[in-house]
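Numbering (the numbering used here), first residue to last: 258 to 582. Glycine included, every Cβ here is placed at the ideal spot set by N, Cα and C. Before any comments, here is the structure.
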């Protein structure tokens with residue numbers, strides 16, 4: 258039996274539902290399909306990238322069609338999917354609706370939850386004071402649904418970084434302040450978070466990515482890739498190879514290498530396409546990297562912005578939409 262982590266990669270160019278369903282079914286064939294992960298009655302957390310509702314046409318978030326398709330497949334197997342995230346600004350539901358999720362929420366009656374924190378034992382004692390969301394830890398199955406994006410602080414944001422969304426609310430901003438002065442330590446914290454959440458499956462949305470000054474200030478880029486793995490570290494390493502970004506320039510990849518978590522492409526088994534069949538040589542990275550540490554003034558400003566969007570802007574938008582119907 259092959260002990261290497263498996264990364265499944267395919268070409269995919271469309272978010273049209275029937276084509277996407279076929280693509281994801283093909284993507285998961287190396288494991289025998291999604292049924293390898295889901296039992297009837299399982300509570301299944303779908304964790305997309307719900308960064309922001311402010312740029313819905315710039316591919317800053319995981320596409321609703323990807324979440325819809327996976328949720329539908331989970332339901333077909335008797336699972337009970339629910340969607341959750343902890344956006345930097347606003348609520349998970351507010352950001353999801355701003356990015357076109359309302360039809361899938363309504364059609365599938367898909368619950369959306371905001372994450373709540375609790376302390377859980379991590380692999381590394383250094384990060385045992387990290388609060389993680391009980392919704393992810395207590396789910397029967399966690400399916401991580403990140404987006405391929407450039408990132409102005411971490412070069413790229415992929416599967417590992419997406420799981421930072423399992424740190425609830427403004428705790429993320431406090432971690433930027435607590436660990437952000439040491440980029441290597443911050444990246445290790447992200448890796449340890451991912452290792453603790455330990456998603457059962459990661460499916461990365463790279464049909465259209467977000468390049469340049471991400472995670473939200475860049476532009477859409479047709480990439481034509483879907484990837485899946487049970488090992489999120491192997492999947493991230495594969496995507497970095499597709500984008501031909503030096504691995505050591507991506508702090509999370511460097512951190513996972515230091516911890517012995519899939520440092521090299523040679524450690525990965527590719528049952529479908531190899532990264533070399535999907536490589537691009539002109540992926541745009543940020544113009545310049547910005548500091549990752551947050552000072553106290555930025556923490557306070559960020560907190561007030563979050564509260565304004567969550568408790569004033571989102572309710573006003575919902576009221577306006579309701580009145581306009």
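Practice task
Sort 395, 383, 375 by Cα distance to residue 339 and report the nearest one.
Solution key: Checked all of 395, 383, 375; the closest Cα to residue 339 is 395.
Practice task
Given a cut-off of 8 Å, decide if residue 294 and residue 236 are closer than it, judged by their beta-carbon atoms.
Solution key: Because the chain in this structure spans residues 258 to 582, residue 236 falls outside the shown range and cannot be described.
Problem - Runs of beta strand (DSSP E) lying entirely within the segment 434–467, each at least 3 residues, in chain order - result: Taking only runs of at least 3 residues, no beta strand (DSSP E) segment lies wholly in the segment 434–467.
Problem - Beta-carbon contacts of residue 451 that lie in its chain and below 6 Å, excluding the five residues immediately before and after - result: 417, 420, 489, listed in sequence order.
Practice task
Pick out whichever of 497, 260, 335 has its Cα sitting closest to the Cα of residue 408.
Solution key: Cα-wise, what sits closest to residue 408 is 497.
Problem - Distance, residue 413 Cα to residue 546 Cα - result: Each residue's Cα considered, the two are about 11 Å apart.
Practice task
Starting from residue 264, follow its DSSP beta bridges and name the residues at the other end.
Solution key: Answer is 486, bridged to residue 264.
Handout entry: Bridge partners - residue 339, DSSP secondary structure assignment
Key = Paired residue(s): 302.
Exercise for the section: Go ahead and label residue 342 buried or exposed: buried means 16 or more other beta carbons lie within 10 angstroms of its beta carbon, across all protein chains shown. Expected result: It counts as buried.
Problem - As assigned by DSSP and simplified to three states, the class of residue 407 - result: If DSSP states are grouped into helix, strand and coil, residue 407 belongs with the strands.
Problem - Between the CA atoms of residue 449 and residue 402 - distance to the nearest angstrom - result: CA-CA distance, residue 402 to residue 449, rounds to 18 Å.
Exercise for the section: Please name the residue in 519, 533, 542, 535 whose C-alpha comes closest to that of residue 262. Expected result: Of the listed residues, the one whose Cα sits closest to residue 262 is 519.
Handout entry: Segment contact flag, the segment 267–284 with the segment 295–303, C-beta cutoff 8 Å, min 3 pairs
Key = Here the segment 267–284 does not lie against the segment 295–303, with fewer than 3 beta-carbon pairs under 8 Å apart.
Exercise for the section: Ignore the nearest five residues each way along the sequence and tell me which others in residue 291's own chain have a CB closer than 6 Å to its CB. Expected result: Hits under 6 Å: 285, 330.
Handout entry: Reduced DSSP category for residue 316 - H, G, I as helix; E, B as strand; rest coil
Key = Residue 316 falls in the coil class under three-state DSSP.
Handout entry: Nearest-angstrom Cβ-Cβ length linking residue 307 and residue 360, presumed shorter than 8 Å
Key = Actually they do not touch by this definition, with Cβ atoms about 16 Å apart.
Practice task
Can you tell me which of 526, 388, 543, 538 puts its alpha carbon nearest to the alpha carbon of residue 472?
Solution key: It is 543.
Handout entry: Local Cβ density within 10 Å of residue 316, reported as buried at 16 or more and exposed below that
Key = Looking at its Cβ environment, which holds 16 or more other Cβ atoms inside 10 Å, residue 316 is buried.
Exercise for the section: My understanding is that residue 484 touches residue 476, with C-beta atoms under 8 Å, so please give their C-beta distance in whole angstroms. Expected result: Their Cβ separation, rounded to whole angstroms, is 21 Å, which puts residue 484 and residue 476 out of contact at 8 Å.
Problem - Nearest neighbour of residue 355, chosen from 310, 328, 366 [CA to CA] - result: Closest by alpha carbon: 310.
Problem - residue 519 (DSSP reduced to helix, strand or coil) - result: In the structure shown, residue 519 sits in coil (DSSP, three-state: anything other than H, G, I, E or B).
Problem - Selection from 373, 454, 532 that minimises the alpha carbon distance to residue 502 - result: The shortest C-alpha separation from residue 502 is found at 532.
Problem - Straight-line Cα distance separating residue 322 from residue 499 - result: Rounded to the nearest whole angstrom, the CA to CA distance from residue 499 to residue 322 is 23 Å.
Exercise for the section: Report buried or exposed for residue 275, applying the criterion of at least 16 other Cβ atoms within 10 angstroms of its Cβ. Expected result: With fewer than 16 other Cβ atoms within 10 Å, it is exposed.
Problem - Contact set for residue 337: own chain, Cβ-Cβ below 6 Å, skip 5 residues either direction - result: Apart from sequence neighbours up to five positions away, the residues of its chain that approach residue 337 with a beta-carbon distance below 6 Å are 300, ordered along the chain.
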